[in-house]
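S.K.: Going down the list, the protein sequences come from chains A and B. Mapped onto numbering that gives the first Met the number 0, the consecutive letters of the first sequence carry residue numbers 0 to 216. Mapped onto numbering that gives the first Met the number 0, the consecutive letters of the second sequence carry residue numbers 0 to 380. Where a beta carbon is used, it is the ideal one built from N, C-alpha and C, also for glycine. Keep in mind that this is a model prediction, so the values were computed, not measured. What follows is a single structure, and I will ask about it in a moment.
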Amino acid sequence: MKEKLKAAILGMNRQKAIDLVEKALSEGEDPFGILKTCRAAMEEVGKRFETGEFFLSELIYSAEVFKEVCAILEPGLMAKQNSDESQGVVVIGTPKGDVHDLGKNLMATLMRSHSFTVYDLGVDVPHENLVKEVKRRKAPILALSALITPAFVSMRAAIDLLAAEGLRKKTFVIIGGGVTTDFARKEIGADAQTMNPAEAIRLCRRHLKGSDKAEQL
Amino acid sequence: MIRETMSRQERFKAAVSLEKPDRVPVMPLMTAFAVRSQGMTQGTAWRDPDMGFKAMLDTFNDLGGFDRLYKPNLFWPMIGGRFCSTPIRVLIPGRQLPEDSLNQIDERVLISRDDYDKLATLGWNAFWDEHYEKMTGGRKISYVAATQNQLLNLYKEEVTIYHGQDIHPLFGAYVDSSMMAFSMARTLTEFTMDLYEVPEKVKSAMDASCDDLIQNALDVVALTKIPVVFIVLERGSGFYYRTDIFDQFEWPYLRRYVDAFISEGLTPWFHLDTDWSLNLPYFREFPKGKCVADLDGTTDIFKAKEILGDHMCISGDVQAALLTLGQPHEVEAYCRRLIDEVGKNGGFILTTGCECPIDARFENVKAMVDTAKNYRGKNWH
């Protein structure tokens with residue numbers, strides 16, 4: 000089943016993936032095991048995206064499949080929640096001034112599929128709420144997505160507030176989305192910027208391993 | 000200041016046809032920025048088209064004037080009920096958004112997967128005649144059509160006023176590309192799923208819609224009499240999709256658009272948001288010196304010059320982040336680089352990368368306009 004499920008996800012075949020998951024569950028397979036297989040497939044999707052074999056459309060497609068599979072697995076997973084599985088905690092949102100959510104939603108799903116614990120605050124989020132959530136979840140990563148420039152003001156305000164709360168050094172701030180550039184990253188004071196979802200995951204992982212922040216700053 | 004020997008019209012035409020103008024033409028694609036520059040709230044300009052028009056004109060003059068005006072006002076010209084793009088829901092400042100916010104698109108699923116079959120049978124126009132009221136929960140298409148016709152008349156009147164002042168609005172009509180229109184109707188995610196799961200349905204719907212979209216744009220141009228069609232692309236680029244998808248769902252229709260527009264003596268203006276690097280070689284198949292590739296800062300414009308520069312006019316790409324967060328000297332330095340490298344041997348129009356951001360610093364936009372007027376470029380022979 001594992002190889003077939005992986006092949007269905009990599010082959011962009013949603014229905015087949017769902018059928019396989021449902022069959023596996025009905026046969027008593029451990030939902031965590033199934034989730035692990037899906038995550039392995041998503042890791043492979045990410046790798047293929049980084050090499051140029053896959054495009055953003057394949058990330059979008061497989062992320063949707065992953066989301067649907069998770070919804071099927073959820074009851075079984077809830078019963079055996081295991082936080083040790085998490086690679087790290089991420090707070091994500093589209094900052095105040097911007098209501099676009101496509102990029103943010105894709106990023107949230109991909110991060111979940113790569114074993115991050117993600118708290119998605121939605122769109123048009125005031126900077127105070129972003130920082131409050133970072134504090135509450137003890138999140139080492141704050142990910143901000145934006146399509147229009149008014150979001151820059153909120154991004155900067157969030158970073159300033161992190162500093163005022165003594166959280167700046169502990170929080171890796173990564174920005175992305177159509178309007179962001181490396182120039183914007185420097186001006187706002189974020190740690191990283193990318194338009195590439197697979198790179199975002201790599202940067203977050205690298206940060207969690209403790210090697211990234213000094214390099215970026 | 001460079002001594003000008005061409006009119007604004009001549010300069011623009013020279014750039015499009017790859018001839019060398021007296022200097023690089025310049026045009027910030029401004030709408031919301033103009034409103035804010037005049038100290039007006041966005042809501043004011045959305046409620047009162049006269050105020051929107053005034054903001055555009057006053058900001059144009061405050062910036063010292065430039066070669067083309069992106070839009071006469073905040074709205075797009077469209078014949079009532081004949082949609083040149085998907086009738087998306089736009090969140091308006093002072094209504095669904097705070098009074099001084101930027102208007103934003105609320106991207107939602109507007110048609111179902113089953114609607115592809117209806118589109119294939121009815122075509123674009125007849126489909127929306129039938130579907131619009133259902134989609135909006137009872138809003139009559141005749142209501143929106145009346146508003147659109149009113150705005151179209153206003154557009155024509157405003158164009159006449161501008162022309163009287165030697166100010167030239169950029170486009171006579173705008174139209175969504177095939178993938179743009181359907182992606183906005185289904186949302187990016189759902190449309191992507193459709194391309195993998197029901198490609199033949201998507202294709203049939205596109206086949207049946209293309210002629211209507213072209214004709215709608217041509218009908219608008221016949222009224223506005225400005226010979227440029229602004230084609231909104233973005234969703235079909237190599238940033239999102241591999242080229243075999245582009246080959247099937249974007250390129251054949253874009254070719255039909257371009258053939259139709261050029262045969263009517265119009266200039267297709269490709270508004271290419273996102274990264275089009277992978278697709279740019281295709282654009283060499285279009286007739287030389289007849290179109291404009293307008294880049295938003297995501298595509299490497301310097302590489303684009305290498306690929307397309309001897310074949311198609313390029314416009315772009317002073318980025319939103321630079322205009323908002325940067326300093327005038329940084330804007331000037333980037334514009335000089337664009338003029339030197341992309342403007343080399345002509346075929347370049349200096350524009351903002353996509354629309355000028357609402358919160359761009361006025362002095363930065365002024366620096367952009369002034370650089371084109373003052374700096375001819377080191378490769379200008």
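Assign B:Asn-363 to buried or exposed, taking buried as 16 or more other Cβ atoms, counted over all protein chains shown, within 10 Å of its Cβ.
M.R.: Here residue 363 of chain B is taken as the residue at index 364 of the second sequence, counted from 1. Flag for B:Asn-363 reads buried.
S.K.: Where does the unbroken beta strand (DSSP E) through B:Ala-292 begin, and where does it stop?
M.R.: Position 293 of the second sequence, counted from the first residue, corresponds to residue 292 of chain B. B:Ala-292 -> beta strand (DSSP E) spans 291-294.
S.K.: Can you tell me whether B:Asn-215 is buried or exposed, with buried defined as 16 or more other CB within 10 angstroms of its CB?
M.R.: Position 216 of the second sequence holds residue 215 of chain B. The residue in question, B:Asn-215, is buried, as its Cβ has 16 or more Cβ neighbours within 10 Å.
S.K.: Can you list, in chain order, the stretches of the beta strand (DSSP E) that have 3 or more residues and sit fully within the stretch 209-262 of chain B?
M.R.: Segments of the beta strand (DSSP E) lying fully in the stretch 209-262 of chain B: 227-231.
S.K.: Would you say the stretch 130-150 of chain B touches the stretch 227-239 of chain B, given that touching needs at least three Cβ pairs under 8 Å?
M.R.: Because the criterion of three Cβ pairs below 8 Å is not met, the stretch 130-150 of chain B and the stretch 227-239 of chain B do not touch.
S.K.: When the Cα of B:Ala-13 is compared with those of B:His-328, B:Cys-334, B:Ala-320 and B:Val-291, which residue comes out closest?
M.R.: In the second sequence, counting from the first residue as 1, residue 13 of chain B sits at position 14. Closest by alpha carbon: B:Val-291.
S.K.: Could you check where the alpha helix (DSSP H) with B:Ile-160 kicks off and where it finishes?
M.R.: For this step, residue 160 of chain B is matched to residue 161 along the second sequence. Start and end: 140-163.
S.K.: Report yes if the C-beta of A:Ile-17 is less than 8 Å from at least one heavy atom of the ligand SAM; otherwise report no.
M.R.: With respect to the ligand SAM, the structure offers nothing, as it holds no ligand at all.
S.K.: At the 9 Å Cβ level, is A:Arg-13 part of the contact set with chain B, yes or no?
M.R.: Sequence index remark: in the first sequence, residue 13 of chain A carries index 14 (1-based). Yes - at least one Cβ of chain B is within 9 Å of the one on A:Arg-13.
S.K.: What's the call for B:Lys-384, buried or exposed, on a 16-neighbour Cβ count within 10 Å?
M.R.: Residue 384 of chain B lies beyond the residue range present for chain B, which begins at 0 and ends at 380; the question has no answer from this structure.
S.K.: In chain order, which continuous runs of the beta strand (DSSP E) of length 3 or greater are located wholly inside the stretch 260-285 of chain B?
M.R.: DSSP runs (the beta strand (DSSP E)) wholly in the stretch 260-285 of chain B: 266-271.
S.K.: Quick one: which unbroken alpha helix (DSSP H) runs of 4-plus residues sit fully inside the stretch 124-179 of chain A? Chain order, please.
M.R.: Entirely contained in the stretch 124-179 of chain A, the alpha helix (DSSP H) runs reaching 4 residues are, in chain order, 126-136 and 149-163.
S.K.: B:Gln-103 lies in the beta strand (DSSP E); which residues open and close that run?
M.R.: Here residue 103 of chain B is taken as the residue at index 104 of the second sequence, counted from 1. Run containing B:Gln-103: 103-105, per the beta strand (DSSP E) assignment.
S.K.: Smallest Cα separation from B:Lys-377: which of B:Glu-18, B:Arg-336, B:Thr-350 and B:Ile-78?
M.R.: Indexing the second sequence from 1 puts residue 377 of chain B at position 378. Closest option to B:Lys-377, Cα to Cα, is B:Arg-336.
S.K.: Would you grab the beta carbon distance between B:Phe-238 and B:Thr-273 for me? Rounded to a whole angstrom, and I think it's under 8 Å.
M.R.: Within the second sequence, the letter at position 239 stands for residue 238 of chain B. Within the second sequence, the letter at position 274 stands for residue 273 of chain B. 4 Å between Cβ atoms; contact.
S.K.: Closer than 9 Å, CB to CB, is B:Tyr-256 near chain A or not?
M.R.: The count along the second sequence starts at 1 and reaches residue 256 of chain B at position 257. No, B:Tyr-256 lies away from the interface with chain A (no Cβ there is under 9 Å from its Cβ).
S.K.: I'd like to know if A:Lys-137 contacts chain B, where contact means its C-beta is closer than 9 Å to some C-beta of that chain.
M.R.: If you number the first sequence from 1, residue 137 of chain A lands on position 138. Chain B, which has no Cβ nearer than 9 Å to the Cβ of A:Lys-137, makes this no.
S.K.: Tell me, please, whether the CB atom of A:Asn-104 is closer than 9 Å to any CB atom in chain B?
M.R.: Numbered from its first residue, the first sequence carries residue 104 of chain A at position 105. Judged by the 9 Å Cβ criterion, A:Asn-104 is in contact with chain B.
S.K.: Along the beta strand (DSSP E) that carries B:Tyr-173, what are the first and last residues, could you check?
M.R.: Locating residue 173 of chain B in the second sequence gives position 174, where the first residue counts as 1. First-last of the beta strand (DSSP E) with B:Tyr-173: 172-175.
S.K.: Taking its Cβ as the centre, do 16 or more other Cβ atoms sit within 10 Å of B:Val-219, making it buried, or is it exposed?
M.R.: What you label residue 219 of chain B is simply residue 220 of the second sequence in a count that begins at 1. Classification for B:Val-219: buried.
S.K.: Do the CB positions of B:Ser-403 and B:Tyr-252 come within less than 9 Å of each other?
M.R.: Given that chain B is displayed from residue 0 to residue 380, the structure contains no residue 403 of chain B and the question cannot be resolved.
S.K.: Quick one: give me the first and last residue of the beta strand (DSSP E) that A:Val-90 is part of.
M.R.: Indexing the first sequence from 1 puts residue 90 of chain A at position 91. Looking at the DSSP string, the run of the beta strand (DSSP E) that includes A:Val-90 is 87-92.
S.K.: Listed in chain order, which residues of the stretch 191-206 of chain B have Cβ atoms closer than 8 Å to some Cβ of chain A?
M.R.: Cβ contacts with chain A come from Thr-191, Met-192, Leu-194, Tyr-195 and Glu-196.
S.K.: Take B:Asp-299 as the anchor and find which of B:Ser-314, B:Ala-207 and B:Phe-285 has the nearest alpha-carbon.
M.R.: Residue numbering aside, residue 299 of chain B sits at position 300 when the second sequence is read from its first letter. Here the closest residue by C-alpha is B:Ser-314.
S.K.: For chain B, find out if any of its Cβ atoms is closer than 9 Å to the Cβ of A:Leu-109; answer yes or no.
M.R.: As a first step, residue 109 of chain A is located in the first sequence; it is residue number 110 there, counting from the start. Taking Cβ atoms only, chain B never reaches closer than 9 Å to A:Leu-109, which makes this a no.
S.K.: Is A:Tyr-118 helix, strand or coil by DSSP?
M.R.: Walking along the first sequence from the start, residue 118 of chain A turns up at place 119. Strand at A:Tyr-118.
S.K.: Any beta carbon of chain B sitting closer than 9 Å to that of A:Thr-50?
M.R.: Here the question's residue 50 of chain A lines up with position 51 in the first sequence. Answer no: the Cβ-Cβ gap between A:Thr-50 and chain B never drops below 9 Å.
S.K.: With 9 Å set as the bound, which would you pick, yes or no: does the beta-carbon of A:Ser-56 sit closer than that to a beta-carbon of chain C?
M.R.: In the structure shown, chain C does not exist; the protein chains are A and B.
S.K.: Can you list, in chain order, the residues of its chain whose CB lies under 6 Å from that of B:Thr-297, leaving out five sequence neighbours each side?
M.R.: Stepping through the second sequence from its first residue, residue 297 of chain B is reached at position 298. Around B:Thr-297: Thr-273 and Asp-274.
S.K.: So, helix, strand or coil for B:Gly-315, using DSSP?
M.R.: Mapped onto the second sequence, residue 315 of chain B falls at position 316. Here B:Gly-315 sits in strand by DSSP.
S.K.: State yes or no: is the C-beta of A:Ser-153 within less than 9 Å of the C-beta of A:Thr-116?
M.R.: The residue labelled residue 153 of chain A in the question sits at position 154 within the first sequence. The residue labelled residue 116 of chain A in the question sits at position 117 within the first sequence. No, these two residues do not count as a Cβ contact at 9 Å.
S.K.: Any chance the stretch 343-352 of chain B sits against the stretch 304-313 of chain B, with 3 or more Cβ pairs inside 8 Å?
M.R.: Because the criterion of three Cβ pairs below 8 Å is met, the stretch 343-352 of chain B and the stretch 304-313 of chain B touch.
S.K.: Along chain A, which residues have their Cβ under 8 Å away from the Cβ of B:Gln-103?
M.R.: Numbered from its first residue, the second sequence carries residue 103 of chain B at position 104. Correct list: Asp-97, Val-98, His-99 and Ile-147.
S.K.: So that I know if they touch, is there some Cβ in chain B lying closer than 9 Å to that of A:Gln-215?
M.R.: Residue numbering aside, residue 215 of chain A sits at position 216 when the first sequence is read from its first letter. Below a pLDDT of 50, predicted positions are generally treated as unreliable, and A:Gln-215, at 42, falls in that range; the measurement from the model is reported next regardless. It does not: the Cβ of A:Gln-215 has no partner Cβ on chain B nearer than 9 Å.
S.K.: Spatial neighbours of A:Pro-125 within its chain, please: C-beta separation below 6 Å, excluding the five flanking residues on both sides.
M.R.: As a position in the first sequence, residue 125 of chain A is number 126, starting the count at 1. Lys-95, listed in sequence order.
S.K.: Between which residues of its own chain and B:Tyr-115 is the CB-CB distance below 8 Å, once the five residues before and five after are set aside?
M.R.: Sequence index remark: in the second sequence, residue 115 of chain B carries index 116 (1-based). Taken in chain order, the residues that qualify are Asp-193, Val-197, Lys-200, Val-201, Ser-203 and Ala-204.
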